[in-house]
Each structure stands twice: as C-alpha cells, then as structure tokens.
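What follows is a single structure, written as structure tokens, with notes after it.
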Amino acid sequence: MVAIQEISKKYRKLEVLKDISLEFNEPGIIGILGPNGSGKTTLLKTILGMVLPDNGTIRVNGIDISKDYNYRNEIAYLPQIATFPENLSVKELLAIIRDLRAVDSKYMELVSLFGLEQFLSEKLGNLSGGTRQKVNVVLSFMCKSEILILDEPTVGLDPVSTVKLKELIKSHRDMGKLILLTTHIMGIVDELADEIVYLLEGRMVYRGFVTDLKLSTQQDSLERAIVNEIHGKDVVDLQI
Amino acid sequence: MSRFLGILTCLMISASVFGQIEVCSDCQFKTVPSAIESASPHDTVLVHKGIYPIHNMVITKPITLRGLNRPVLDGEDKGYIVKILSDSVSFTGFDIRRVGISHTEDYAAIYSFRADYLEISDNHLEDVFFGIRLEKSSNVVVKDNIVKGRFSREFDSGNGIHLWHCKNARVEGNDLSGLRDGIYFEFVDDSYVIANRSHHNTRYGLHYMFSNDDDYLDNYFYNNGAGVAVMFSKNIKMINNRFSHNWGTSSYGLLLKEIYDAEIKMNLFEKNTVAISVDGSSRIYYRNNDFIQNGWAIRVTGGCYVNQFTSNNFISNSFDVSYNSKLNDNLFQGNFWSSYSGYDIDRDGWGDIPYRPVKLFSYVVNRTPETIVLLRSFFIDIINFSERVTPVFTPDNLMDDQPSMKKIKW
Amino acid sequence: MKFTEKMWLIFKYSFKDMIRAKWIIVYLLFYLLLGFILLFLNNDLSSSVITIMNIIIILTPLIGTLFGVMFYYNSREFTELLIAQPIRRSRIFMGQYLGVSLSLSLSLVIGLGLPFLIFGLANSAEIFNFIMLIFIGMALTFSFTGLSMWISLRNSNRIKGFGYSVLLWLFFAVIYDGIFLSLLLIFENYPIDQFSLLMSMLNPIDLSRILVLIKLDISALMGYTGAVFQTFFGSNWGIVISGIMLLLWMTTPAYMMVRSSKRRDF
Numbered sequence: 099m100v101a102i103q104e105i106s107k108k109y110r111k112l113e114v115l116k117d118i119s120l121e122f123n124e125p126g127i128i129g130i131l132g133p134n135g136s137g138k139t140t141l142l143k144t145i146l147g148m149v150l151p152d153n154g155t156i157r158v159n160g161i162d163i164s165k166d167y168n169y170r171n172e173i174a175y176l177p178q179i180a181t182f183p184e185n186l187s188v189k190e191l192l193a194i195i196r197d198l199r200a201v202d203s204k205y206m207e208l209v210s211l212f213g214l215e216q217f218l219s220e221k222l223g224n225l226s227g228g229t230r231q232k233v234n235v236v237l238s239f240m241c242k243s244e245i246l247i248l249d250e251p252t253v254g255l256d257p258v259s260t261v262k263l264k265e266l267i268k269s270h271r272d273m274g275k276l277i278l279l280t281t282h283i284m285g286i287v288d289e290l291a292d293e294i295v296y297l298l299e300g301r302m303v304y305r306g307f308v309t310d311l312k313l314s315t316q317q318d319s320l321e322r323a324i325v326n327e328i329h330g331k332d333v334v335d336l337q338i
Numbered sequence: 187m188s189r190f191l192g193i194l195t196c197l198m199i200s201a202s203v204f205g206q207i208e209v210c211s212d213c214q215f216k217t218v219p220s221a222i223e224s225a226s227p228h229d230t231v232l233v234h235k236g237i238y239p240i241h242n243m244v245i246t247k248p249i250t251l252r253g254l255n256r257p258v259l260d261g262e263d264k265g266y267i268v269k270i271l272s273d274s275v276s277f278t279g280f281d282i283r284r285v286g287i288s289h290t291e292d293y294a295a296i297y298s299f300r301a302d303y304l305e306i307s308d309n310h311l312e313d314v315f316f317g318i319r320l321e322k323s324s325n326v327v328v329k330d331n332i333v334k335g336r337f338s339r340e341f342d343s344g345n346g347i348h349l350w351h352c353k354n355a356r357v358e359g360n361d362l363s364g365l366r367d368g369i370y371f372e373f374v375d376d377s378y379v380i381a382n383r384s385h386h387n388t389r390y391g392l393h394y395m396f397s398n399d400d401d402y403l404d405n406y407f408y409n410n411g412a413g414v415a416v417m418f419s420k421n422i423k424m425i426n427n428r429f430s431h432n433w434g435t436s437s438y439g440l441l442l443k444e445i446y447d448a449e450i451k452m453n454l455f456e457k458n459t460v461a462i463s464v465d466g467s468s469r470i471y472y473r474n475n476d477f478i479q480n481g482w483a484i485r486v487t488g489g490c491y492v493n494q495f496t497s498n499n500f501i502s503n504s505f506d507v508s509y510n511s512k513l514n515d516n517l518f519q520g521n522f523w524s525s526y527s528g529y530d531i532d533r534d535g536w537g538d539i540p541y542r543p544v545k546l547f548s549y550v551v552n553r554t555p556e557t558i559v560l561l562r563s564f565f566i567d568i569i570n571f572s573e574r575v576t577p578v579f580t581p582d583n584l585m586d587d588q589p590s591m592k593k594i595k596w
Numbered sequence: 002m003k004f005t006e007k008m009w010l011i012f013k014y015s016f017k018d019m020i021r022a023k024w025i026i027v028y029l030l031f032y033l034l035l036g037f038i039l040l041f042l043n044n045d046l047s048s049s050v051i052t053i054m055n056i057i058i059i060l061t062p063l064i065g066t067l068f069g070v071m072f073y074y075n076s077r078e079f080t081e082l083l084i085a086q087p088i089r090r091s092r093i094f095m096g097q098y099l100g101v102s103l104s105l106s107l108s109l110v111i112g113l114g115l116p117f118l119i120f121g122l123a124n125s126a127e128i129f130n131f132i133m134l135i136f137i138g139m140a141l142t143f144s145f146t147g148l149s150m151w152i153s154l155r156n157s158n159r160i161k162g163f164g165y166s167v168l169l170w171l172f173f174a175v176i177y178d179g180i181f182l183s184l185l186l187i188f189e190n191y192p193i194d195q196f197s198l199l200m201s202m203l204n205p206i207d208l209s210r211i212l213v214l215i216k217l218d219i220s221a222l223m224g225y226t227g228a229v230f231q232t233f234f235g236s237n238w239g240i241v242i243s244g245i246m247l248l249l250w251m252t253t254p255a256y257m258m259v260r261s262s263k264r265r266d267f
C-alpha cells in the first residue's frame with residue numbers, strides 16, 4: 099500500500115529524515131515511535147504530500163505521489179492540532195470535507211458517537227479544545243480511504259472519548275485499513291499496534307512486530323522492551 | 187397710428203433718396219465691384235446668392251453691402267477680399283472663402299484703414315489668414331460673425347478679429363476658431379468685447395496689448411493655447427467670462443502681464459492648466475470668481491503688489507496658489523477653499539484657523555517639473571503639512587485668515 | 002471541471018469565514034461612516050472623490066495586508082488539513098486568496114457605494130471617477146492581500162511575516178515616494194521624465210494615484226513640457242498602460258504566492 103524509498107529531508111542544516119525506507123503492504127496498525135524531534139510527524143507529512151522530501155520516492159498503491167495528488171483520496175489524516183475557521187459551524191466544516199472527497203455515508207453515526215449533534219450549528223470558534231478535537235477525529239474517520247494517518251490522536255480527549263477512539267481505530271483495522279499512528283503514550287501502542295517503527299534523530303532504528311519485540315527482549319512491558327532493543331543496538335541518549 | 191404713418195413715410199423717403207442696386211447672375215450688375223462703382227454714397231448694394239470671385243476690392247464711399255441668402259465671395263487665395271477705406275460702411279451677410287496667405291503681407295478677408303462708423307456683421311469667414319483687420323478705425327461694430335482659420339501652426343495663421351489703434355469698438359457675438367489669436371487688440375481704448383466664443387486658437391482666445399479702459403464680458407474661451415492674455419494695459423474689466431480647457435505646457439486661462447487697476451469678477455475658470463498667471467501686475471481686484479479643477483488656480487510670478495483676492499471659490503484645483511518668492515503684498519480674504527480642513531466652532535461661517543493656499547510641493551514642482559507625478563502622494567501630503575505648520579519656503583503672511591466654510595454665492 | 006469546483010469550495014468557505022468576522026464588519030462600517038460624513042459635510046461629490054481617493058490608496062493596501070496576514074496565520078492548521086486532502090495546493094491558496102480579497106472588496110463597494118447612491122451619485126458627472134476609484138480600491142486590495150499572503154507563506158514565524166508585510170505596505174505607501182522624490186531632485190538636471198513614469202509604474206499605490214490624477218488633475222499634468230509626459234497623459238496611453246500595469250500588480254502577487262506554495266513544506 100505504501101512504499102517509502104530512501105527519503106531524506108533537511109530543514110536548512112537540520113536533517114530531519116535520513117535515508118528512510120519503509121514498506122507497508124498489509125493492513126494493520128503501525129505505531130511510529132521516537133523521542134521529540136525524531137521526525138515522526140515529518141515522516142507522516144511526507145506520505146501526505148505536505149512535506150516534500152529532498153531525495154527518495156514515495157509510492158502509494160504503486161503511484162509516485164509527487165506526480166498526482168489524487169492518491170490522497172486513499173489517505174485520511176488526523177492532525178495533531180485542531181484549529182478550524184472560527185466563523186464556520188461544525189456542519190459547514192463537515193460539508194467542506196464531504197465536498198472535497200469520498201465520505202462514508204453513515205458519518206452522522208460518528209457525530210453522535212462523540213456527542214457532537216448539539217454542536218452542529220455552533221461556530222467552531224466557540225467550541226472548547228476537547229470538542230474541537232472530537233470534531234477533528236470525526237473529520238478523519240468519516241473519510242472513505244484505505245489508509246489512516248493519526249498524529250497523536252488522543253491528545254486533548256477525555257477518557258471516555260479516548261476509549262471510543264481506540265475502539266474506532268480497532269474497528270477500522272478490522273475493515274482492512276492500514277493505520278499509521280504516532281503517540282507518546284505507550285499504553286496505546288501496547289493496546290493497538292501490531293507493528294512498530296522506531297525513529298531516532300531522523301533515522302529508522304527499529305522496525306518489528308510488537309509480539310516479536312516482547313519475545314526477543316524477554317520483557318513484558320513494551321516500554322522496557324524498546325529501551326532494551328535500542329540499547330542493544332548501542333544507541334545512547336535515549337529518552338522516551 | 188399717425189406715428190406709425192410718420193415712420194413709414196420716413197422710410198419711403200429714405201428709400202427714394204438712397205438707391206438700391208442688386209447684383210446677381212441675371213441682374214444688370216453681375217459683379218460686386220461694378221455695382222459699387224455705379225453706386226452713390228449711402229446706397230445699398232444687395233448681393234444675391236451665388237459665387238463671386240473677388241480679391242482686393244476697395245470701397246471708398248460710404249455704402250451698405252448686404253448679402254442675400256449668403257452669397258459667397260471667393261478670394262481664390264490671391265490676397266485681400268475687401269478693403270474698406272471709407273467711413274460708414276456696412277458689410278453684412280456674406281460667406282467669404284480662400285483669403286490669400288503670405289509671409290510678407292497680413293492679408294485679411296475684411297480690412298479697413300482710417301474708416302470710422304463701420305458695421306461688419308453676420309459674415310462667415312472660412313480658411314482665413316487674418317479675418318477682420320481694422321486699423322485706425324473708431325466707433326466700429328463687429329457682430330455675429332463666424333471666423334474660422336486654417337487650424338495650423340501659430341506662425342502661419344493670423345488673428346480672427348484684429349484691431350489696431352481703434353476706439354469705441356464693440357465686438358459682440360462672434361465665433362472665432364482655428365486662428366492665432368481669436369481677437370487681438372493693440373492700442374484699442376474704450377471698447378467692449380461681449381459674448382463671443384473663442385476656441386481652438388493656437389495662441390490666445392483674446393489678446394490685449396497696450397489697450398486701456400476696455401471691458402470684456404460674457405465671453406467663452408476654451409481649448410485655446412491660452413484663453414485671454416492682457417498685457418501692458420490699464421483699467422480692463424473682465425466680468426462673467428468662462429475660461430475652460432486651456433491645456434498645455436504654457437497654457438493659461440488668463441495671462442496678466444504688466445497690467446494695472448483691473449477688475450476680475452464673476453468669471454468661471456475650469457480645467458485650465460493655469461487659471462490665472464499673473465506677472466508684475468498690481469492693484470487688481472479678484473472677486474467672486476470660480477476656480478474649478480485647474481492645475482494651478484493662481485500662479486504669481488514677478489512683483490505683484492496690492493492685489494486683492496476676496497470671496498472667490500477655489501474648488502478641487504491641484505494647486506490653489508503658487509508663488510515664486512517669499513514676499514507677499516497681496517490680500518487673500520474670505521475665499522472658499524475646498525481643501526481647507528479647518529473648523530468653525532463659533533459658527534460665524536468663517537473657519538477659525540487660517541488657510542495657507544501655497545503648498546510647499548508647488549515650489550518643488552516649479553523647480554523640478556517631473557515631480558508632478560507625485561501629486562497627492564501621502565508623502566507629499568506629509569511634507570506639505572509640515573510646511574503649513576512651520577512655513578520655511580512659503581511666505582508666512584500668505585494666508586486667508588477668514589476662509590469661508592461654504593461655497594460663496596453671488 | 003472538478004478542480005475549479007474544489008477551488009470554488011475553498012473560496013466559498015474562506016469568504017463565509019471572512020464576512021462573518023467582526024473586523025470586516027468594522028471595516029464596512031468605517032466606509033459607510035466615511036461616505037456619509039463626507040457627503041453630509043460638504044455635499045460636493047467631486048471634492049469627496051479626492052478625499053476618498055486619499056483614503057483608499059492608503060487604507061485598502063493596509064487592510065489587504067493585515068487581513069491577508071491574519072487570515073493566513075489564523076487558518077494555518079486548517080490549511081494544513083486541507084493540504085492533506087485530495088486537492089491541488091494552488092486551488093487551496095487561490096481559493097483562500099479570492100475569499101479574503103473579494104470579501105474585503107465587497108465591504109469597500111457596499112460601504113462607499115451605498116452613501117454615494119443615496120446622495121444621488123447616479124445623476125452626478127462624478128460617476129465615472131467614483132467607479133474608477135472603487136476599481137482601484139479593489140485592485141489594491143487584491144494586490145496587497147496577495148503580497149501579504151505570499152510573504153506569510155514564506156515565513157513560518159508569525160511575527161516576522163506580520164512585520165515584513167506591514168513594512169512592505171509602509172514602503173509602498175510612504176518610503177518609496179520619499180526615495181522617489183529625492184532621486185528626482187538629485188537628478189533634476191538629467192532627462193528624468195521617463196524615469197519618473199517608470200518609478201510610478203513600479204509601485205501599485207503610485208500607479209493607482211496616477212490613474213486618479215489623469216482624471217482629476219489632468220490640467221496640472223498637462224503643464225509639463227516633456228513630450229513623454231504629453232503623450233502619456235494627453236492621450237489614452239496613460240490610462241491603458243497604467244491599467245495594464247495595475248492588472249499585473251493585481252495578479253502577479255497571487256501568482257507568486259501560488260508558485261511558492263507548491264514548493265513549501267507544511
């Protein structure tokens with residue numbers, strides 16, 4: 099589904115991505131992990147075509163993404179920060195996305211799942227941060243697409259909504275989607291991820307199945323397993 | 187009734203005393219000169235419709251020459267058409283074409299010399315070099331003629347109505363265009379110029395030189411090199427004229443040069459490059475004039491003393507007043523200035539702070555004319571403002587300390 | 002065509018977002034108030050046209066600049082979300098740019114048009130000047146909205162983007178003419194008429210001013226001897242060339258903005 103070949107990216111002198119190659123061919127949930135500034139968000143943004151890599155190519159379903167923007171029909175995106183045009187209502191915002199791309203006809207179920215019906219006519223500028231994040235979630239999950247990219251999906255959500263979101267993510271995996279997500283919360287990775295990719299200073303230092311990782315390092319906790327694995331590769335200065 | 191009969195008898199007597207001679211292709215007289223030849227003094231020569239080739243026809247007796255249904259006198263470019271050398275000649279109702287052109291002689295369609303009490307009216311002159319040129323002739327009336335020049339350059343065109351050393355002339359209701367000067371007066375005193383239209387002339391619509399005690403009223407001057415020039419003259423009254431669209435590099439609505447004791451009242455100056463350019467002229471009273479959308483309303487150069495500008499309207503001119511010196515001996519009072527931005531708290535109809543009509547930028551433009559492209563720029567407004575607050579380059583007593591808040595009506 | 006449909010969509014939402022903002026209402030009210038006060042105070046349309054010109058050529062660029070910058074930085078995150086959608090970047094930025102500049106133009110047209118209509122502009126000889134003034138205001142709005150959005154696109158730092166944009170406005174509105182005047186005075190002994198026209202063409206505010214000058218101050222402009230000026234201002238060349246240049250000033254910033262949006266990372 100997604101094939102990343104030797105991409106690298108520099109912001110002035112800062113190398114954000116170094117020679118990363120990755121392929122995701124099977125449905126499943128991939129946790130993209132790494133410390134702050136390790137290039138997780140940048141990596142996701144290159145797949146979305148928001149960040150243009152200096153070198154390398156990315157193919158989605160075999161098509162080079164630098165050639166045709168229509169591949170984004172197959173990718174839904176949940177950005178980290180949810181800010182929207184202040185003077186539009188929730189309904190109008192949903193309509194924008196609905197007019198831009200193919201959307202699940204049952205998206206109103208998602209709206210009610212997060213209890214947003216009462217806010218439909220409310221201006222986005224008047225919503226609280228948590229409610230805006232729920233709108234954000236609905237916006238991405240309503241898209242009809244094979245691939246979901248979630249950047250810190252649970253930030254700003256209350257516990258109940260977090261649980262609902264996790265269930266939602268699982269159900270979308272069960273629909274056969276590829277889901278790439280970044281998070282700092284290991285619990286989510288532990289609970290959801292089938293596979294993890296670990297980035298450090300712009301390099302991919304580890305990729306593997308969660309179960310394999312736990313087995314090979316003999317650790318129950320994923321956190322420890324990761325630390326172990328990375329240390330085993332002689333990497334210092336590790337902070338999670 | 188008896189009175190009416192009296193007038194009728196008088197007319198019949200006069201008709202029998204003064205004869206009438208007709209000219210036409212079937213008449214006894216087929217040419218105008220032959221008819222004049224046979225006419226007695228004070229006879230009427232009536233010329234019927236037709237084309238009559240004529241040049242250098244000399245009239246030496248008092249006579250009335252009248253065209254009926256606009257006969258055409260064709261000069262065939264050979265020189266003068268009519269020369270009047272006698273008093274009391276009346277010349278009316280002709281179309282005149284093809285006056286000769288020469289660089290050594292000032293050919294005119296109608297010329298007079300030492301001939302008083304003339305009446306020249308209702309003639310249409312086309313393609314003339316000079317139109318009507320009267321010399322040393324007094325008590326003349328030039329009325330309702332149309333004079334068209336060749337619409338060519340200044341040096342090969344002459345003047346429409348040209349008076350030299352005349353007195354008590356009355357020039358009224360004429361239409362003059364395509365000439366050098368529409369009307370030209372040199373050494374002409376005690377005369378009137380009334381309700382003429384003078385336009386599209388290469389030099390001036392009306393031009394006074396060394397002429398005194400004249401009035402011009404109700405005239406309309408437009409699209410001339412300059413509207414009116416008054417030079418080296420005294421006691422000229424200029425009332426209720428309209429000066430418009432006199433555009434060009436050295437173009438004025440009205441040019442005053444070395445004149446004294448003039449009155450300029452109730453005129454309208456609109457869309458002229460310079461409405462009035464004043465050079466060395468003193469004791470002139472400007473009152474109740476409208477200056478609308480001119481480049482410069484008043485441009486003062488050279489020493490001008492004791493002039494008064496009162497109760498005029500200055501509306502939307504690029505520059506209201508421009509001066510080339512720091513001295514001012516002229517009075518500006520009670521005018522309406524559309525760019526005045528003061529207030530009238532005591533509500534007496536006069537602005538509470540004085541208006542300074544001279545902008546610093548007008549000095550800049552005088553010095554470097556290309557800077558005109560910066561007119562009305564915000565930056566220019568700033569430097570004008572600072573000059574207004576503390577005058578450095580402009581005469582600091584040049585101001586209207588009683589600017590009107592409303593357009594002045596009269 | 003699908004892509005224009007999408008641009009229309011972006012335009013629609015940006016336009017809606019703009020016209021519901023309170024600042025644009027304030028902007029509209031300002032023009033309404035200005036129009037009524039001017040007409041009420043002197044009741045003379047032609048001098049009002051001059052005052053309004055002075056305000057328009059300074060204010061519309063400033064407002065275009067401020068709203069362009071504010072819109073860009075306020076909607077940056079949402080723009081990022083849009084960029085991740087199946088739509089060309091150029092359509093997004095064109096749509097937003099049109100939304101901002103057209104909503105500002107609308108305020109101008111309604112705010113000034115209404116008072117003038119009520120005071121009987123239709124019967125006035127000034128109607129042509131007035132319509133031209135509105136068009137100039139719109140052109141400047143488009144130009145400076147484009148410029149400021151372009152600058153914002155190139156500066157992810159909000160403070161910098163804001164600073165540069167306002168500086169650019171200040172430059173075109175005031176500083177440029179100061180430099181211009183100094184150059185003309187320094188080189189006054191050289192033939193500078195062509196140079197002075199060229200300089201006027203290179204600043205959209207000066208250009209707009211020239212267009213108004215040709216209508217209102219032609220009497221003064223014709224006073225200069227140079228043949229270049231005579232042809233430029235005396236014939237229709239002045240209006241045609243300035244019009245074309247203003248059109249270029251209207252479109253080029255938007256084009257540059259769209260162009261740099263294609264190569265930028267979000």
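Protein chains in written order, with my numbering: chain X, 99 to 338; chain F, 187 to 596; chain D, 2 to 267.
Quick reminder that beta carbons are idealized off the backbone N, C-alpha and C, glycines included.
Bridge pairing for residue 328 of chain F: F:306 and F:357 [DSSP]. Judged by their CB atoms, residue 329 of chain F and residue 358 of chain F are nearer to each other than the 9 Å cut-off. Annotation for residue 137 of chain X: 114, 115, 297 and 300 place their beta carbon closer than 7 Å to its own, counting only its chain and skipping 5 residues before and after.
In this structure residue 155 of chain X touches residue 103 of chain X by the C-beta definition: roughly 5 Å separates them, less than 8 Å. Membership of residue 131 of chain X in the beta strand (DSSP E) is indicated by the continuous run 126 to 131.
Counting only Cβ-Cβ distances below 8 Å, residue 179 of chain D has contacts in chain F at 565, in chain order.
Along the stretch 500 to 527 of chain F, the positions whose C-beta sits under 9 Å from a C-beta of chain D are 501, 502, 503, 504, 505, 524 and 525, read in chain order.
The residue among F:376, F:406 and F:374 with its C-alpha nearest the C-alpha of residue 383 of chain F is F:406. Here the alpha carbon of residue 491 of chain F sits roughly 16 Å from the alpha carbon of residue 441 of chain F. Taking residue 239 of chain F as the centre and dropping the five residues before and after it, the same chain places the C-beta of 260 and 262 closer than 7 Å to its C-beta, in chain order. Distance from the CA of residue 203 of chain X to the CA of residue 87 of chain D, rounded to the nearest whole angstrom, comes to 18 Å. Secondary structure at residue 521 of chain F: coil, using DSSP grouped into helix, strand and coil.
Burial state of residue 368 of chain F is buried, judged by a 10 Å Cβ sphere holding 16 or more other Cβ atoms. Below the 7 Å Cβ cutoff, chain D contributes 214, 218 and 221 as neighbours of residue 561 of chain F, in chain order.
Cβ contact annotation for residue 237 of chain X (same chain, cutoff 8 Å, sequence separation greater than five): 176, 191, 192 and 195, in chain order. Beta-carbon to beta-carbon, residue 141 of chain D and residue 252 of chain D are separated by about 13 Å, too far to satisfy the 8 Å threshold.
Rounded to whole angstroms, the separation of the alpha carbons of residue 403 of chain F and residue 385 of chain F is 16 Å.
Cβ contact annotation for residue 416 of chain F (same chain, cutoff 6 Å, sequence separation greater than five): 394, 422, 442 and 445, in chain order. In this structure, residue 19 of chain D lies away from residue 224 of chain X, with their beta-carbon atoms at least 9 Å apart. Setting aside the 5 residues that flank it on each side, residue 312 of chain F is surrounded in the same chain by 283 and 334, each with a C-beta closer than 6 Å to its C-beta; the list follows chain order.
For the pair of segments examined, the stretch 309 to 316 of chain X was found not to touch the stretch 280 to 287 of chain X: the number of CB pairs separated by less than 8 Å stays below three.
Put simply, the backbone Cα of residue 210 of chain D is about 42 Å away from that of residue 150 of chain X. Its Cα nearest to that of residue 462 of chain F, the residue F:483 stands out among F:390, F:483 and F:468.
When secondary structure is reduced to three states using DSSP, residue 223 of chain D falls in the coil class, being assigned neither helix nor strand. Each of D:212, D:126 and D:74 was checked against the Cα of residue 156 of chain D, and the nearest Cα belongs to D:74. Shown here for residue 231 of chain X: same chain residues with a beta carbon closer than 6 Å to its own, the five before and five after excluded, namely 180, 254 and 255 in chain order. Residue 348 of chain F has F:319 and F:370 as its beta-bridge partners, per DSSP.
For residue 303 of chain X, the closest C-alpha among the options X:132, X:121 and X:106 is that of X:132. Beta-bridge annotation (DSSP): residue 395 of chain F is paired with F:372 and F:417. Counting along the chain, no alpha helix (DSSP H) covers residue 281 of chain X, and no H or E run does either.
When secondary structure is reduced to three states using DSSP, residue 29 of chain D falls in the helix class.
Its chain contains 519, 520 and 536 as the residues whose beta carbon lies nearer than 7 Å to that of residue 588 of chain F, once the 5 sequence neighbours on both sides are disregarded; these appear in chain order. For residue 211 of chain D, the enclosing alpha helix (DSSP H) covers residues 205 to 217. Interface residue (Cβ-Cβ distance to chain F less than 9 Å): residue 211 of chain D is classified as such.
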